Amino acid sequence: FVGNPQCTAHAKSELQKILNFYFPDSCIIVSIPSHAVDYIAGDEDRELMRLQSRGALVALDRKSAQLWLCGDPRGVEQAQNRIRNMLQQWEKEYWEHHCGRGVCYAVIGTGGSNIRQLQSETGAHIQVDPD
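Residues in the sequence shown are numbered consecutively from 4, following the working numbering.
As structure tokens, then:
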């Protein structure tokens, strides 16, 4: 598709609807949490390439956090199962909490002391974005 971003997104959406209508067993859209997009894609999109090797065309729309799977029904099902397993693993490994700026500073502690202590005690990597 060529055109402005709104027109292109609309055309893409309409094409997906058409393919889903005519090929319901062969094309599906999987919504993923927006913060899991990079995890699902893998380093340098290697996981997307692995998913495609299962016999399905895999297209990731990072902006809408959706994966489009199309192809052999068995390949689509295998890719969907792999994505489901990856999301379960992501939910075990990542947690995000939104809080106000004052709360963030309290969590960080003076000079980052609270964060360092939590990381030392738990072994988890903790990242705070004050925005």
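Where a beta carbon is used, it is the ideal one built from N, C-alpha and C, also for glycine.
Nothing here was measured: the structure is a model prediction, and the numbers come from that model.
Quiz item: Are there 16 or more other CB atoms within 10 angstroms of the CB of V106, so buried, or fewer, so exposed?
Solution: It is exposed - the Cβ of V106 has fewer than 16 other Cβ atoms within 10 Å.
Exercise. For the segment 14 to 82, list the beta strand (DSSP E) runs that are entirely contained and at least 3 residues long, ordered along the chain.
Key: Fully enclosed beta strand (DSSP E) runs of 3 or longer: 30 to 34, 59 to 64, 69 to 74.
Quiz item: Looking at C-beta atoms only, is the number of pairs between the segment 66 to 73 and the segment 115 to 126 that lie closer than 8 Å three or more?
Solution: Here the segment 66 to 73 makes no contact with the segment 115 to 126; the two share fewer than three CB pairs at distances below 8 Å.
Practice problem: Name the two residues that bound the continuous alpha helix (DSSP H) containing N117. | Solution: Element bounds for N117: 116 to 125.
Quiz item: Could you give the distance in angstroms between the alpha-carbon of I21 and the alpha-carbon of T113?
Solution: Cα to Cα, the separation comes out at about 56 Å.
Quiz item: Which of helix, strand or coil does DSSP assign to V110?
Solution: Looking at V110 - three-state DSSP - the assignment turns out to be helix.
Quiz item: Can you find at least 3 beta carbon pairs, one from the segment 78 to 93 and one from the segment 26 to 44, that sit closer than 8 Å?
Solution: Here the segment 78 to 93 makes contact with the segment 26 to 44; the two share three or more CB pairs at distances below 8 Å.
Exercise. Please classify E94: is it buried, with 16 or more other beta-carbons within 10 angstroms of its beta-carbon, or exposed?
Key: Exposed: under 16 other Cβ atoms inside 10 Å.
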